[in-house]
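*Asks:* The structure under discussion is supplied below as structure tokens; questions concerning it will follow.
Numbering (this note's numbering), first residue to last: 220 to 926.
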């Protein structure tokens, strides 16, 4: 995906010509989409042999399949100390957030344009209207993409959201304030986005069967040309080991070139190491953490014992008791299932006649409860050791328990002649341990570039209430007939738009800042979390938890631009051919530019990896730009644990004016105990007595068997 050629050119003619050279006369039929507004590339239907032939042609930077990616508040903003009364910039209503997601539900109160003027003059996009969708002065643009033209039965062929995900993320980022929002009384309060005055541009790239690379790139191409300020993308796939074989990294690179920061979800494949996705250094990678609210659901057994589990249960059984049956005693034998499968309540594994009007006890279930709900069950009690720090929503009354509680409930069910139970509606409690990074949030270290710390930071992503599509149910299951305007869900998909809004907030006060400067402001103003709760430390939360209020005045920023990332890519081993096609500069060459080691990219964090148990020494070169007081002096404060020594030169940075740059060197010597937790971490803080500019320093042991 190279740079767009200068001047006027016919993208379809150029791309058809390239295809003709590889395919012959069938080229025009093979071309699916030409990307030409912001970068140069195309999607085409090819055989394996044609892919190989095309990849070997002069002028082709990379060829990769259009894979399928998956989708990764009344309390969260207040929890961060970001109240409705915070200072707002007049430019907030000129900020345009490009939401690449499942579309939007335009009738939601969260997207009302009451009090909004016309779109900013810079807006160049349009509304792909249809009989069931119109834009307004809040939703100023909307498009949808489906390169293969194959739609599912549940898909709505317009920018309208039939999934709920896109409406949820859009309202979290920029939804208007809506009083008395809740999910059947749960999570009640004022739902609002982080930048409620900002505009939303919708790019529907995801459908019920996933989000395809060809459509993702088309949306990036349009969003950049349309004039958005921030791109938010809560989508990801398996980790790519090449930045330019990853559609999201490619799109984010061209966004960065055009002054647009891309905010990405880090993925929901945690807590295993090196599970993070969306990790290019030019984008923002966001992990998910808890807020100080959690939902508990009580189950009362027939013997009077009450157990508190975790779920979002909106149903009220009015203390009515139902018989309880163990899933292992109700196998769907006609379907070929045995008790070994039905005990886990796997899909279609339960005999409908045996479970109807009963509460089903499942030994473990990472599923969605569909097996029991389709069977006509009255409720579900689950043992689920993996889901321990966020609540799930089910189509029937349900609660999940840890193994200890589950064993006690199971003992009652298996030792009582006629066991019974009732499941109560959920209630909210304050979580004093918040924030901590949730178990499902993908972890570092960075599997592509080990000396770039990822994720970058964390934001609220657990039990978030936000707008929902009324074209589906809160669980999206066919037998769930509930229709809601707001829903409570969890994921890094929910944390990403929180960071998106924070970035938009920074942009509204600092409209000329580069994507890297905005990202730096968010990272260096974040506050670190407790390592006692977050055992994976920076591999879980990066620089820390976002603090939007502090981020608008970060004091110093670590800035970087296209040339810095080009030098970084050369240092990563990319060829001159690839470099020229990416940058569009035919004179550029990795032999002519500085090959930048990852440790010298002007990044707001420091990471060094080693495969040895012996001490390792690494020198980092950094430059900071003064964006605070014109005349200011910053002193270096080093926080280093046992096994790490940090030397900073110079230890004092004196600035005379805003925009002045100062360089410094950080030398880190560390020894990591491979038998411990494989990492140690400290921090460098630049302090002028008023502002603290904090960067984590992480040293870790990595081996081919570990990651």
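All residues carry an ideal CB built from backbone N, CA and C; glycine is no exception.
Please determine, among 395, 347 and 378, the residue with the shortest C-alpha to C-alpha distance to residue 332.
*Replies:* If you number the chain shown from 1, residue 332 lands on position 113. Measuring from the Cα of residue 332, the nearest candidate turns out to be 395.
*Asks:* Residues in the same chain with beta-carbon distance under 7 Å from residue 386, minus the five sequence neighbours each way, listed in chain order, please.
*Replies:* As a first step, residue 386 is located in the chain shown; it is residue number 167 there, counting from the start. The residues are 323, 324, 327, 380, 686, 687 and 688.
*Asks:* How big is the Cα-Cα spacing for residue 421 and residue 838?
*Replies:* By one-based count along the chain shown, residue 421 stands at place 202. By one-based count along the chain shown, residue 838 stands at place 619. Straight-line Cα distance between these residues: approximately 44 Å.
*Asks:* Is it buried or exposed for residue 276, if we count other Cβ within 10 angstroms and need 16 for buried?
*Replies:* Taking the first residue of the chain shown as position 1, residue 276 is located at position 57. With fewer than 16 Cβ atoms within 10 Å of its Cβ, residue 276 is classed as exposed.
*Asks:* How is the alpha helix (DSSP H) around residue 317 delimited, first residue to last?
*Replies:* The residue you call residue 317 lines up with position 98 of the chain shown. From DSSP, residue 317 is part of no alpha helix (DSSP H) but of the beta strand (DSSP E) over 315-320.
*Asks:* Given 8 Å as the limit, is there contact between the segment 446-455 and the segment 415-435, that is, 3 or more CB pairs closer than that?
*Replies:* yes
*Asks:* Measure the C-alpha to C-alpha separation of residue 540 and residue 633 and round it to an integer number of angstroms.
*Replies:* Walking along the chain shown from the start, residue 540 turns up at place 321. Walking along the chain shown from the start, residue 633 turns up at place 414. A direct Cα-Cα distance of roughly 17 Å separates residue 540 from residue 633.
*Asks:* For residue 291, I'd like the list of residues in its chain whose CB is within less than 7 Å of its CB, leaving aside the five on either flank, ordered along the chain.
*Replies:* Your numbering for residue 291 matches position 72 in the chain shown. Only weak support is given to the placement of residue 291: the predicted model assigns it a pLDDT of 49, under 50, and the value that follows is read from those uncertain coordinates. 453, 454, 455, 484, 486, 487, 710, 711 and 712, listed in sequence order.
*Asks:* Between residue 406 and residue 695, what straight-line distance do the alpha-carbon atoms span, to the nearest angstrom?
*Replies:* Working through the chain shown from its first residue, we reach residue 406 at position 187. Working through the chain shown from its first residue, we reach residue 695 at position 476. Cα-Cα distance, rounded: 20 Å.
*Asks:* Taking the alpha carbon of residue 850 as the reference point, which residue from 862, 874, 843 and 267 has its own alpha carbon closest?
*Replies:* On the chain shown, position 631 is the one that residue 850 refers to. Nearest to residue 850 by alpha-carbon distance, out of 862, 874, 843 and 267, is 874.
*Asks:* Once you ignore the five residues that flank residue 504 on each side, which residues in its own chain have a CB closer than 6 Å to its CB?
*Replies:* On the chain shown, position 285 is the one that residue 504 refers to. Contacts found: 483, 485, 497, 498, 673, 674 and 675.
*Asks:* For residue 859, collect the residues of the same chain with a Cβ closer than 7 Å to its Cβ; drop the 5 residues on either side in sequence, then sort them by chain order.
*Replies:* Here residue 859 refers to the residue found at position 640 when the chain shown is read from its first residue. Excluding residues within five positions, the ones whose Cβ falls inside 7 Å are 865 and 901.
*Asks:* Which one of 547, 400 and 812 has the shortest CA to CA distance from residue 294?
*Replies:* Position 75 of the chain shown holds residue 294. Looking at the Cα atoms, 400 is the closest of the given residues.
*Asks:* For residue 917, which of 855, 879, 872 and 829 has the nearest alpha-carbon?
*Replies:* Here residue 917 corresponds to residue number 698 of the chain shown, with the count starting at 1. Checking every option, the nearest Cα to that of residue 917 belongs to 829.
*Asks:* First and last residue of the beta strand (DSSP E) that includes residue 852?
*Replies:* Position 633 of the chain shown holds residue 852. Per DSSP, the unbroken beta strand (DSSP E) holding residue 852 starts and ends at 851-858.
*Asks:* From residue 654 to residue 568, what does the alpha carbon distance come to, in whole angstroms?
*Replies:* As a position in the chain shown, residue 654 is number 435, starting the count at 1. As a position in the chain shown, residue 568 is number 349, starting the count at 1. Cα to Cα, residue 654 sits roughly 38 Å from residue 568.
*Asks:* At what residue ranges does the segment 571-606 contain a whole run of the beta strand (DSSP E), taking only runs of 3 or more?
*Replies:* 578-581 and 598-602
*Asks:* Throw me the rounded Cβ distance for the residue 766 and residue 735 pair, which I believe falls under 8 Å.
*Replies:* Counting from 1 along the chain shown, the entry for residue 766 is found at position 547. Counting from 1 along the chain shown, the entry for residue 735 is found at position 516. 19 Å between Cβ atoms; not a contact.
*Asks:* To the nearest angstrom, report how far apart residue 616 and residue 516 are at their CA atoms.
*Replies:* Counted from its first residue, the chain shown places residue 616 at position 397. Counted from its first residue, the chain shown places residue 516 at position 297. Looking at the backbone, the Cα of residue 616 and that of residue 516 are separated by about 9 Å.
*Asks:* Can residue 743 and residue 823 be called in contact, C-beta distance under 8 Å?
*Replies:* As a position in the chain shown, residue 743 is number 524, starting the count at 1. As a position in the chain shown, residue 823 is number 604, starting the count at 1. Going by C-beta atoms, residue 743 is nearer than 8 Å to residue 823.
*Asks:* Going by C-alpha distance, which of 614, 597 and 558 is nearest residue 640?
*Replies:* On the chain shown, residue 640 is found 421 positions in, with the first residue counted as 1. Comparing Cα positions, the closest option is 597.
*Asks:* In chain order, what residues of the same chain lie with their CB nearer than 7 Å to the CB of residue 621, ignoring the 5 residues before and after it?
*Replies:* In the chain shown, the residue the question calls residue 621 occupies position 402. Same-chain partners within the cutoff: 604 and 607.
*Asks:* Give me, in chain order, the residues of the same chain whose beta-carbon lies closer than 7 Å to that of residue 818; leave out the 5 immediate sequence neighbours on both sides.
*Replies:* To locate residue 818, count along the chain shown from 1; it is residue 599. Taken in chain order, the residues that qualify are 670, 827, 837 and 839.
*Asks:* Quick check: the Cα distance between residue 883 and residue 740, rounded to an integer number of angstroms?
*Replies:* Within the chain shown, numbered from 1, the residue matching residue 883 stands at position 664. Within the chain shown, numbered from 1, the residue matching residue 740 stands at position 521. Their Cα atoms are separated by approximately 18 Å.
*Asks:* Leaving aside the five residues before and after residue 543 along the sequence, list all residues of the same chain whose C-beta is less than 7 Å from its C-beta, in chain order.
*Replies:* As a position in the chain shown, residue 543 is number 324, starting the count at 1. Short of 7 Å from the beta carbon of residue 543, and not among the five residues preceding or following it, lie these beta carbons of its own chain, in chain order: 577, 578, 580, 632, 638, 639 and 640.
*Asks:* If you measure between the beta carbons of residue 699 and residue 692, is that distance less than 8 Å?
*Replies:* Translated into the one-based positions of the chain shown, residue 699 becomes position 480. Translated into the one-based positions of the chain shown, residue 692 becomes position 473. Cβ atoms of residue 699 and residue 692: closer than 8 Å.
*Asks:* Any idea which residues DSSP pairs residue 886 with across the strands?
*Replies:* Within the chain shown, the letter at position 667 stands for residue 886. Partner(s): 838 and 866.
*Asks:* Considering only the alpha carbon of each residue, which of 899, 531, 600 and 843 lies closest to residue 888?
*Replies:* As a working note, residue 888 is residue 669 in the chain shown. It is 899 whose Cα lies nearest to the Cα of residue 888.
*Asks:* Kindly list the residues whose CB is nearer than 7 Å to the CB of residue 590, restricted to its own chain and excluding five residues on each side of it in sequence; keep chain order.
*Replies:* For the purposes of this step, residue 590 is identified with residue 371 of the chain shown, where counting begins at 1. Same-chain partners within the cutoff: 564, 565, 566, 567, 568 and 569.
*Asks:* Let me confirm a value: residue 600 is counted as buried when at least 16 other C-beta atoms fall within 10 Å, else exposed. Which label applies?
*Replies:* Stepping through the chain shown from its first residue, residue 600 is reached at position 381. Looking at its Cβ environment, which holds 16 or more other Cβ atoms inside 10 Å, residue 600 is buried.
*Asks:* Taking the alpha-carbon positions, what's the residue 553 to residue 626 distance?
*Replies:* Taking the first residue of the chain shown as 1, we reach residue 553 at position 334. Taking the first residue of the chain shown as 1, we reach residue 626 at position 407. The alpha-carbon separation between residue 553 and residue 626 amounts to approximately 29 Å.
*Asks:* Let me check understanding here. Comparing Cα to Cα, which of 786, 761, 558 and 656 lies closest to residue 752?
*Replies:* Reading the chain shown from its first residue, position 533 is the one you call residue 752. Cα-wise, what sits closest to residue 752 is 656.
*Asks:* Could you compute how far the alpha carbon of residue 330 sits from the alpha carbon of residue 649?
*Replies:* Taking the first residue of the chain shown as 1, we reach residue 330 at position 111. Taking the first residue of the chain shown as 1, we reach residue 649 at position 430. Each residue's alpha carbon lies about 30 Å from the other.
*Asks:* When the distance is taken between beta carbons, is residue 854 closer than 8 Å to residue 871?
*Replies:* Residue mapping note: residue 871 aligns to position 652 of the chain shown, counting from 1. Residue mapping note: residue 854 aligns to position 635 of the chain shown, counting from 1. Cβ atoms of residue 871 and residue 854: closer than 8 Å.
*Asks:* Take residue 371 and list the residues in its own chain whose beta-carbon comes closer than 7 Å to its own, dropping the five residues that flank it on each side.
*Replies:* Numbered from 1 along the chain shown, position 152 holds the residue referred to as residue 371. Counting only Cβ-Cβ distances below 7 Å, and skipping sequence neighbours, we find 426, 427 and 428.
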